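In our numbering, the protein residues as written are 1 to 113.
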């Protein structure tokens with residue numbers, strides 16, 4: 001493979017023709033797996049708690065100030081869902097990224113002939 005078909009990034013990885021999704025994933029993965037999972041877990045917890053509070057206020061015709069926040073089950077469910085989702089998406093994105101790195105990016109010979 002000739003060097004014309006590859007770019008060398010700052011960290012030494014040789015990448016050519018990465019799409020925007022893989023380039024965005026490269027930036028995300030530099031922050032680390034722990035921060036990615038923590039972010040998704042927090043998003044899951046807050047989202048499910050907000051949905052729970054919103055549904056409870058709508059269903060029972062209560063104002064938000066009258067809803068007790070003692071229910072911990074939406075937070076635990078959000079933690080679990082966020083953790084599972086984060087692990088799954090990390091592995092999915094990492095596999096796609098590694099596959100893009102390992103592909104042989106040569107020029108399309110059918111176009112050049």
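Think of the CB as a built atom: it goes at the ideal place given N, C-alpha and C, for glycine as much as any other residue. In this text the structure is predicted, and so the values were computed from the model without any measurement.
Which same chain residues end up closer than 6 Å to residue i when comparing Cβ atoms and leaving out the 5 residues on each side of it in sequence?
i           : result
residue 111 : Bear in mind that the predicted position of residue 111 carries a pLDDT of just 43, short of 50, making it too unreliable to give a figure here.
residue 52  : 74
residue 109 : Reliability fails at residue 109, whose pLDDT of 43 lies under 50, so the model's placement of it is uncertain and no value is given.
Throw me the rounded Cβ distance for the residue i and residue j pair, which I believe falls under 8 Å.
i          : j          : result
residue 88 : residue 37 : Between residue 37 and residue 88 the Cβ distance is about 11 Å, and since that is not below 8 Å, they are no contact.
residue 49 : residue 97 : Going by Cβ atoms, the distance from residue 49 to residue 97 rounds to 32 Å, so no, they are not a contact pair.
Please work out which residues of its chain come closer than 7 Å, Cβ to Cβ, to residue i, disregarding the five sequence neighbours upstream and downstream, and give them in chain order.
i          : result
residue 20 : none
residue 41 : 79, 82, 83 and 86
residue 33 : 90
residue 93 : 25
residue 28 : 36
Give, in chain order, every unbroken run of the alpha helix (DSSP H) that is at least 4 residues long and sits entirely within the segment 29-94. 33-59
Any chance the segment 75-88 sits against the segment 31-50, with 3 or more Cβ pairs inside 8 Å? yes
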